[in-house]
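Protein chains in written order, with the working numbering: chain H, 301 to 501; chain D, 1190 to 1994. Backbone N, C-alpha and C define an ideal beta-carbon position, used for all residues, glycine too. Note that the structure is predicted; figures quoted are calculated from it, not measured.
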Amino acid sequence: MSLTPNSAGDRHEAGNGSAGRDALERLLDRPVSIADLRGATDEAAVRADAGESGRVGIVLFGLEGETLALAASVVRRVTPYAPPVRIPHRSSGVLRGMCNVRGELVLCGDLRRLLGLRARETEAGESLRTMVIGPANASWAFEVDSLHGIGRINPGTLAAAPLTVEHSLGAFVLGLAEVEGRAVTVLDGEQVLAGFKAGLA
Amino acid sequence: MSDDGGFAGVSLLELFKLEAESHCEALTQGLLALEKSPGDTSAVEPLMRAAHSIKGAARIVGLDVIVTLAHVMEECFLAAKSGKEMLSAGRVDQLLRGVDVLAEIRAISEAELSPWTASQAARIDGLVAELKAPVGAGAPEKSAAAGEAAPMPSVPAAGAAEAVVIAAEAKPIETPVAIQPAVVPSPVLESRSAAPAKEAAETAAASVRVASDVLNRMLSLAGESTVEASRMQALRALSENLRARERALENGVESLREKVHESRRQVGKHIERQTGTDPHASKKGDDQIDEWLASLGAETGRLRGAVLEHSTRFEETVRRVEELSGALYTEVLRSRMRPFSEGASAFPRMVRDIARQLNKSVEFQMQGGGVEVDREILQKLESPLTHMIRNSLDHGVEPEADRIAKGKTPKATIKLTARHQSGMLVVEVQDDGAGIDPEAIRRKVVERRMVDEATAARLTRPELMEFPFLPGFSTKQAVTEISGRGVGLDVVMSMVQGVSGTITLESEPGKGTRFVMRLPVTRSVLRAALVRIGGQLFAVPLARLHRVALVAREDVRPVQGRQQFTLDEQSVGLLRASDMLGGDEPAASGALLSVLVIGGRNDELCGLIVDEVCGEEDLVIRPLDPRLGTVAHISAAAIRADGIPVFVVDVDDLLRSVKQLLQEGRPLGVAARIAEAQQSMRRRILVVDDSITVREVERQLLQRRGYHVEIAVDGKEGLNALKAGKFDLLVTDVDMPRMTGIELIRALRKEARFADLPVIIVSYKDREEDRLAGLDAGANAYLTKSSFHDDSLIRMVEDLIGAPT
């Protein structure tokens, strides 16, 4: 049912040598439905409460070549890219503007800028997404390069961010984790929201 | 993420209140109708049912006093239905008071409930006793009723005291001869009110309650679904593409077939020449190739069929989805609209009660009850309408004796009409009372020193009629209970302006008075011109656009350092809109400039160059994210049909900035420069008030004293003005549209550079709590508008910032 223009069907047609990889990509890159996201969030929430394994769900995404993640509980929705429009006299720095996410106008921040990531040429094959985080009346949207799906981590076992992580980024990082063999930087959702909010002033 | 709009979290008491609300309305309407045609037993039936339902519901939530009250009310209806008792005006009064009790419960929170029932027990018991006592048989019963009610004055509740007054007044009317209801239905109303209770019951059955934010979300989603539907158009291109590829494949197969035949012929010839053997010897292989080709041909044929069918069905689906989502959007939008009568349902009762209280004979008429109005506007209308009708009853309509003496019909008429006129909702309140004497206003204006005598003498009649809307202006000396204390037409004015409406007053002395309000039919949809400014789309409310002009570049001339062009023999200053709203500099292209002309009326016209004007669109307006606070030049946001967010331009605010920029750009002559230099040394005061007269009075007062004064029409404009210029003092009103004075002061105090700016509030509100609220927000002083008449405003200004220079 991926009728969205951004699900660029074309690139999955190339060659059958990497059919497995393709299928995996298709699976991971498909638009995440809110129901799925909610389901995952609920599941994660229940487990944490029950203390069964202490694992929480995280949403993995790519930004400037890094794999980043946020707790599934702070992610409200992920949609095809919703371009922000500039807010006169206001848009600058971290505040990019306002975008239309499913008929709702949401303030749009610049996560790259907030985290101090250097912009790099976008690679072909990345499909931009808009991610919305935070509670209904205080939510923020931002653009991510791609969505890598949902993983699970145990917050207790997060590795501390190495000292090489730039200071500006450090404030927003909860820790490092490995998900399915991939190094993931887990961000602190509350800090990211606070960072965006500070960008309003 | 939880935004449940359902009834899940609602308590039983809340449900009871909801139920009581609908029944109360049915009861009130039914009772008023019964009063007019007391013999109509069929009309009693729904009332009985309503009382019965309330009784049942009250039992569930354990409101015993209400159970008793509803029970005796039901008994009364039962008696009326069986013909045992005719419902007299006195009885209707009692029953209406019963309805009042039910209505009061609706406003009481769960926590307040038990103290309320305790304090009201005596009053309700008294009412129950009255209702139980037979009425209509003769004098003894009446005195019995009065006797029952006698202990009530000792009850501290205000409602009880009032009830006694009405009961006493009701006495003479109870004698059969005097049965003449104070309010007589108009012919218009009568046809509709034949079975109002039944009608109300039907309406109630056909409608459900929806929380307004649920409705807003539905509107968002419906809007989004039309956007998605229009995106399917893009998929149409995909299906076209599929068809093209299929055709290419078919052509490929065809040319392959030709190539195979061609090469086979040549190979055959070659073999014949070389070997002399029959080329058909290798026919077996050819047969297989032919077979493949044939099946390939058949397959492409089937593919063609399938692609064609797919695209036809797809087209159909797209069209249907587009139609449906469009219809859904319109319907959701319409669901915000309610009939005007819904907001006016309380008025017949109100007029009846007040008329009886004032001992006046008044007929209330309503026209246009079915006119559809946005529910938000409807809610906002209720209070100004109540005020105007009370005003008419109290000041407008004369007592019966006076009317007869003047040769008028003994019964006065108050008429409420609603209609749609050129895209606006027009609501009128008209009475045939004494009217307002313009000369009395003129005298008063001078007396109150609002303008000097010479100016007053020049004021035209429509100009005079604007004064009653000013704070503190009241033509009747005595403050009465009916028109309220300290609340004037200025409040009505600010409420109307709050929804971007206008109000005018027309009056013919001796013949009557008419209030005419013009309001937008809806606040949620805006007809706007879409323009591109600095590469970005903006919406400009069409109503605020003077016109759009295409101006040839060579027609733009610099005059005194500012760009100008001539429109209708008027010189219009010109600026680039992107100078205000930002964005990328548009590439200079084309010989014609697209210019939005704004301003007009009393304002100078200003032209704004935009990249292009893209057309008109109806936009669903959404408030700006509150986290943004006020955004200069922007009043709201909207989502276009194609899903792109646009900002709605605040034309007033923009006009202000434009004028400021145009003035700055003007090189000054020597005299002007000297004046300017003096100006800059003078103390600068910003006056913020939404009433033009108050503004002018304050401006003149301060200017005469020697201060430099600038003005702003509301808090928002004031805030922008303060940010844009340097001021030594702010003088502000409290009640203003868009941003109140209190909000303005709070916003200022948050910013370091305004933390010490002296602020004086000048308000008509003179209650201590208003004063405290103002000072609490950060005002340095709180004065009432009477301060114009003495020099307390000037004194305060001098205390705070010293002499003008």
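Step through the CB atoms of chain D and report whether any lies within less than 8 Å of the CB of Met-431(H).
No - not a single Cβ of chain D is within 8 Å of the one on Met-431(H).
Report yes if the C-beta distance between Ile-1990(D) and Leu-1972(D) is below 8 Å; otherwise report no.
In this structure, Leu-1972(D) does not lie closer than 8 Å to Ile-1990(D) by Cβ.
If Ile-1828(D) sits next to Leu-405(H), beta carbons under 8 Å apart, how far is it from one beta carbon to the other, in whole angstroms?
Between Leu-405(H) and Ile-1828(D) the Cβ distance is about 7 Å, and since that is below 8 Å, they are a contact.
So with CB distances below 9 Å, who are the chain H contacts of Gln-1725(D)?
Near Gln-1725(D) (Cβ distances below 9 Å), the residues of chain H are Val-385, Arg-386, Pro-388.
Between the Cα of Gln-1283(D) and those of Ser-1303(D), Lys-1225(D), Thr-1217(D), spot the shortest distance and give me the residue it belongs to.
For Gln-1283(D), the nearest C-alpha among the options comes from Thr-1217(D).
Beta carbons nearer than 7 Å to chain D: which residues of the region 397–421 of chain H have them?
Those residues of the region 397–421 of chain H that come within reach of chain D (Cβ to Cβ, closer than 7 Å) are Met-398, Cys-399, Asn-400, Arg-402, Gly-403, Glu-404, Leu-405, Leu-407.
Per DSSP, which one or two residues make a beta bridge with Asn-1969(D)?
DSSP output for Asn-1969(D) lists no bridge partner at all.
Is DSSP giving Ile-1625(D) helix, strand or coil here?
It is coil, neither helix nor strand.
Just tell me which of Asp-1620(D), Asp-1922(D), Asp-1839(D) has its CA closest to the CA of Leu-1875(D).
The shortest C-alpha separation from Leu-1875(D) is found at Asp-1922(D).
Quick check: what's the CA-CA separation for Leu-476(H) versus Ile-453(H)?
In a straight line, the C-alpha of Leu-476(H) is about 10 Å away from that of Ile-453(H).
Closest to Leu-1570(D) by C-alpha separation, out of Asp-1955(D), Arg-1527(D), Pro-1834(D), would be which residue?
The shortest C-alpha separation from Leu-1570(D) is found at Arg-1527(D).
Output the distance between the C-alpha atoms of Ala-1339(D) and Ala-1322(D), rounded to the nearest integer angstrom.
A caution first: Ala-1339(D) carries a pLDDT of 37, below 50, which makes its placement in the model unreliable, though a value can still be read off. Answer to the nearest angstrom: the Cα atoms are 13 Å apart.
For Leu-500(H), which residues in chain D fall below 8 Å Cβ to Cβ?
What Leu-500(H) touches in chain D: Arg-1816, Leu-1817.
Answer yes or no: does any C-beta atom of chain H fall closer than 8 Å to that of Val-1951(D)?
Judged by the 8 Å Cβ criterion, Val-1951(D) is not in contact with chain H.
What residue ranges within the region 1539–1607 of chain D form continuous beta strand (DSSP E) runs of no fewer than 3 residues, ordered along the chain?
For the region 1539–1607 of chain D, whole beta strand (DSSP E) runs of length 3 or above, ordered along the chain, are 1551–1556, 1561–1563.
Among the residues of its own chain, which have a CB less than 7 Å from the CB of Val-1820(D), if the five just before and after it don't count?
Once the five neighbours on either side are set aside, the close Cβ partners of Val-1820(D) are Leu-1813.
Which one of Glu-1443(D), Ala-1590(D), Ser-1211(D) has the shortest CA to CA distance from Arg-1398(D)?
Comparing Cα positions, the closest option is Ser-1211(D).
Nearest-angstrom Cα distance between Ala-1968(D) and Ile-1934(D)?
Answer to the nearest angstrom: the Cα atoms are 7 Å apart.
Would you call the region 356–370 of chain H and the region 384–395 of chain H in contact, with 3 or more CB pairs under 8 Å?
Output reads no: the region 384–395 of chain H does not touch the region 356–370 of chain H.
Under the three-state reduction of DSSP, which class applies to Arg-1508(D): helix, strand or coil?
Residue state, collapsed to three classes: helix.
Quick one: what's Phe-1836(D) bridged to in DSSP?
Phe-1727(D), Ala-1826(D), per the DSSP bridge assignment.
Taking Pro-1730(D) as the reference, which of Ile-1823(D), Ser-1767(D), Thr-1649(D), Leu-1794(D) has the closest Cα?
With distances taken between Cα atoms, Pro-1730(D) lies closest to Ile-1823(D).
Quick one: list the residues of chain H neighbouring Arg-1811(D), beta-carbon separation under 8 Å, in chain order.
Leu-405, listed in chain order.
Can you list the beta strand (DSSP E) stretches of 3 or more residues lying completely in the region 1919–1974 of chain D, in chain order?
DSSP runs (the beta strand (DSSP E)) wholly in the region 1919–1974 of chain D: 1948–1952, 1970–1973.
Grouping DSSP H, G and I as helix and E and B as strand, with all else coil, what is Ala-1394(D)?
Residue placement at Ala-1394(D) is flagged as unreliable, the pLDDT there being 47, under the threshold of 50; the coordinate-derived value follows with that caveat. Ala-1394(D): helix per DSSP, three-state reduction.
For Glu-1413(D), which residues in chain H fall below 7 Å Cβ to Cβ?
The answer, in chain order, is Arg-402, Gly-403.
Less than 8 Å between the CB atoms is what I'm expecting for Leu-1659(D) and Val-1510(D), so what's the real figure, rounded?
Rounded, the Cβ-Cβ distance is 55 Å, inconsistent with contact.
For Ile-1787(D), which of Asp-1839(D), Gly-1895(D), Glu-1439(D), Ala-1607(D) has the nearest alpha-carbon?
Considering only alpha carbons, the answer is Asp-1839(D).
Per DSSP, which residues does Thr-1489(D) bridge with? Please list them.
According to DSSP, Thr-1489(D) bridges with nothing at all.
Have a look at Val-1640(D) and Val-1634(D) and give me their C-alpha separation to the nearest angstrom.
So the two alpha carbons sit approximately 6 Å from each other.
Among the candidates Gly-1690(D), Leu-1445(D), His-1499(D), Leu-1408(D), whose CA atom is the shortest distance from the CA of Leu-1567(D)?
Of the listed residues, the one whose Cα sits closest to Leu-1567(D) is Gly-1690(D).
Short check: CB of Thr-485(H) to CB of Arg-429(H), under 8 Å?
Against a cut-off of 8 Å, the Cβ pair of Arg-429(H) and Thr-485(H) comes out as no contact.
What number of angstroms, rounded off, separates the C-alpha of Glu-1642(D) from the C-alpha of Phe-1656(D)?
When rounded, the distance between both Cα atoms is 15 Å.
Taking just the CA atoms, how far does Val-1986(D) sit from Ser-1975(D)?
Roughly 15 Å separates the two Cα atoms.
Mind checking whether Ser-1550(D) and Glu-1589(D) have CB atoms under 8 Å apart?
Yes, they are a contact pair.
Contact defined as beta carbons within less than 8 Å: I believe Glu-1932(D) pairs with Gly-1904(D). What is the distance between those atoms, to the nearest angstrom?
Yes, Glu-1932(D) and Gly-1904(D) are in contact; Cβ-Cβ is about 6 Å, under 8 Å.
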